[in-house]
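Novice: So that we are looking at the same thing, I have put the structure below in structure tokens.
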Amino acid sequence: MPTAIIPATPSLEYLRRFTAARVALGRAGAGLPTKAHLQFTLDHARARDAVWSAVDMAALEAAVRDRGLAAARVRSRAGDRATYVRRPDLGRELAPDDLAGLRALGTAKIAVIIADGLSAAAVEANALAVIDALRSSLAIDAVVLAEQGRVAIGDPIGSALGADLVIVLIGERPGLSAADSLGCYITYKPRPGTPDSRRNCVSNIRRGGLEIADAAYKIAWLAREALQRELTGIELKEESGAALEAETRALLIDEP
Numbered sequence: 008m009p010t011a012i013i014p015a016t017p018s019l020e021y022l023r024r025f026t027a028a029r030v031a032l033g034r035a036g037a038g039l040p041t042k043a044h045l046q047f048t049l050d051h052a053r054a055r056d057a058v059w060s061a062v063d064m065a066a067l068e069a070a071v072r073d074r075g076l077a078a079a080r081v082r083s084r085a086g087d088r089a090t091y092v093r094r095p096d097l098g099r100e101l102a103p104d105d106l107a108g109l110r111a112l113g114t115a116k117i118a119v120i121i122a123d124g125l126s127a128a129a130v131e132a133n134a135l136a137v138i139d140a141l142r143s144s145l146a147i148d149a150v151v152l153a154e155q156g157r158v159a160i161g162d163p164i165g166s167a168l169g170a171d172l173v174i175v176l177i178g179e180r181p182g183l184s185a186a187d188s189l190g191c192y193i194t195y196k197p198r199p200g201t202p203d204s205r206r207n208c209v210s211n212i213r214r215g216g217l218e219i220a221d222a223a224y225k226i227a228w229l230a231r232e233a234l235q236r237e238l239t240g241i242e243l244k245e246e247s248g249a250a251l252e253a254e255t256r257a258l259l260i261d262e263p
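Letter by letter, the sequence shown follows residues 8 to 263 in our numbering.
Next comes the structure, spelled out in structure tokens:
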């Protein structure tokens, strides 16, 4: 494959090849060129659709069960999408009627919660792929699908399951560069009222962002360290890169 030649003084147009950010768009009089304006309109529509579209929870639950994993569906106290968008607090609370269904799952040491969050596109494009990648290194005991859920809905779910660790996969707020970014929040011994400072986050999981395999490696590393150290959050620094470098070095040394 030929090596790309980098100009001595890279132009803005050249640098645009390396970012999806809106830089060097040009101008047409006092406005944007037609191409840039149309692209903005398209990306804005995708972002709105990501927020207001619904995840097909029934199909997602079936796909989880097809993988041999125990699954359950719950809802937050936000009864509809409009309420969810306007009342983040209700999206953090579990609907009381859904507790019984959770308890039917029994206990789960490691539980994964898939919440629609603010991007149905992110969940549908990435959530199952992340779970598949995680299963090679983590024993997932149960998967809970949370409709109209915010990050903290993992706390009452984890508490009801008696979970040592909860991994929340959730659609991130879409931007104009990406409408399908998945976020991951990891909490040790979650309980209602757990502060965000006790969570670890891996974000921008998507094609063109943090690739699935790389995200799964980081999540699995954090999960193992959390269980070993019995903590998550600001006291647990993400150092999976150093661990990977050490593993690679050890493999090179062991080669004949």
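Don't be surprised by glycine CBs; every beta carbon is placed ideally from N, CA and C.
#1: Which residues share a DSSP beta bridge with Val175?
#2: Inspect the CB distances between the segment 158 to 166 and the segment 200 to 207 and report whether three or more fall short of 8 Å.
#3: I'd like the span of the beta strand (DSSP E) that includes Arg93, first residue to last.
#4: Nearest-angstrom Cα distance between Asp73 and Ala79?
#5: Under the rule that 16 or more other beta-carbon atoms within 10 Å means buried, what is Gly75, buried or exposed?
#6: Do you know how far the Cα of Tyr91 is from the Cα of Ala167?
#7: Between the C-alpha atoms of Leu243 and Leu217, what's the straight-line distance to the nearest angstrom?
#8: Which residues in the same chain have their Cβ closer than 7 Å to the Cβ of Leu101, if we skip the five residues on either side of it in sequence?
#9: As a quick exercise: from Asp171, Ala186, Arg231, pick the residue whose alpha carbon is nearest that of Ala132.
#10: Return helix, strand or coil for Ser83, following the three-state DSSP convention.
#11: What number of angstroms, rounded off, separates the C-alpha of Thr41 from the C-alpha of Arg55?
#12: For Val275, collect the residues of the same chain with a Cβ closer than 8 Å to its Cβ; drop the 5 residues on either side in sequence, then sort them by chain order.
#13: With distances taken Cα to Cα, identify the nearest neighbour of Glu20 among Ala107, Ala31, Ser126.
#14: Inspect the beta-carbon positions of Leu135 and Glu68 and report whether they are closer than 9 Å.
#15: Please report the distance separating the alpha-carbon of Ile317 from that of Thr114.
Specialist: Taking the definition as stated:
#1: Ile120, Tyr192
#2: yes
#3: That residue, Arg93, is in no beta strand (DSSP E); its alpha helix (DSSP H) goes 88 to 93.
#4: 13 Å
#5: exposed
#6: When rounded, the distance between both Cα atoms is 22 Å.
#7: If you take the alpha carbons of Leu243 and Leu217, they lie about 20 Å apart.
#8: Val81, Ser83, Ile160, Pro163, Ile164
#9: Of Asp171, Ala186, Arg231, the residue nearest in Cα terms is Ala186.
#10: strand
#11: 21 Å
#12: Since the first residue shown for the chain is 8 and the last is 263, residue 275 is missing from the structure and cannot be characterised.
#13: For Glu20, the closest of Ala107, Ala31, Ser126 by C-alpha to C-alpha distance is Ala31.
#14: no
#15: Summary: the structure shown does not reach residue 317, with the chain confined to residues 8 through 263, and so no result is reported for it.
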